[in-house]
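Notes to accompany the following structure.
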Amino acid sequence: MSKSPPKTTLSALVLSERGQITISSLLLAVIMVWLHFYQQQQGSLLETFDFTQPLVWQEPWRLLTAHILHLDAQHAIYNAIGLLLLTLFFAGNFTLRSWFNALLIIAVVIAALVWLIGYPSRFVGFSAVLHGLLLLGVLLDWRQQDYRWADWLNPIVLGLLGLKVLLEYSGLLQSKILLSIGDPQAIGILHACGLVGGLLAWHLHCRSLKALATMAESNQDK
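By our numbering, the letter at position 111 of the sequence shown is numbered 576, and the numbering carries on one by one without gaps.
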């Protein structure tokens with residue numbers, strides 16, 4: 466009598482959350498690089514989708530689309546690599562939904578803060594989102610250690626990240642890649658706004674985890 470073939474479970478057919486996040490980030494990275502070369506042929510692309518102060522609330526898609534456009538091919542490639550590295554290090558802290566929520570929150574906060582500050586009047590690029598995502602990932606890793614100072618790596622990374630942005634704003638730390646697309650103060654402001662977005666995303670992420678834990682406890686008590 467022949468044996469029946471083993472049943473394929475749903476979990477075997479569906480990628481893990483980490484796998485889904487990795488593939489999604491890879492697609493986003495490819496899109497960022499491709500868009501740079503595509504916009505070379507479509508001159509109106511930047512005018513339609515970059516962040517522009519007077520138009521941002523009339524055309525709210527600019528709150529998001531500005532981040533995936535780049536003026537420099539090297540900058541686009543470096544940001545794509547940065548996104549993949551952060552995904553590699555921190556994807557385990559997220560579900561696919563919370564990962565995209567974090568990206569959206571950070572991106573919108575950056576654009577909203579730049580609008581409130583009033584400077585720079587125009588920008589494109591993903592590096593500010595990467596700063597927020599790095600801050601969020603490190604804080605979530607540190608949270609798993611109950612924010613113990615004995616876990617020295619996370620506090621050091623946070624300190625260096627804050628120092629980097631401060632030096633950028635003051636003009637003491639300059640990148641040739643970034644200077645090709647903007648002045649040091651504008652870059653420092655954008656990256657600082659990214660850190661604020663990362664802090665807000667971290668706060669909301671932790672609140673969501675607490676709500677899920679409370680819901681699980683109440684279900685157990687029933």
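Glycine residues also receive a C-beta, built at the ideal position from the N, C-alpha and C atoms.
{"Query": "Answer with buried or exposed for D611, where buried requires no fewer than 16 other C-beta atoms within 10 angstroms of its C-beta.", "Result": "exposed"}
{"Query": "For L493 and L626, I'd like the C-alpha separation in whole angstroms.", "Result": "24 Å"}
{"Query": "Considering only the beta carbon of each residue, do A593 and G659 sit closer than 7 Å?", "Result": "yes"}
{"Query": "Distance, Cα to Cα, G484 vs L601?", "Result": "20 Å"}
{"Query": "Just how far apart, CA to CA, sit L644 and L520?", "Result": "Any reading at L644 is ruled out, since the residue's pLDDT is 44, under 50, leaving its predicted position unreliable."}
{"Query": "Distance, Cα to Cα, S586 vs A615?", "Result": "43 Å"}
{"Query": "Tell me, which residues are paired with R587 by DSSP?", "Result": "T517"}
{"Query": "On the criterion of 16 or more Cβ atoms from any shown chain inside 10 Å, does S495 qualify as buried, or is it exposed?", "Result": "The amino acid occupying residue 495 in the given sequence is Val; Ser does not appear at that position. By the neighbour-count rule (16 or more Cβ atoms within 10 Å), V495 is not buried but exposed."}
{"Query": "Are I582 and A666 touching if we call contact CB-CB under 7 Å?", "Result": "no"}
{"Query": "Counting contacts by CB-CB distance shorter than 7 Å, is F565 in contact with chain C?", "Result": "Looking for chain C here will not work: only one protein chain is present."}
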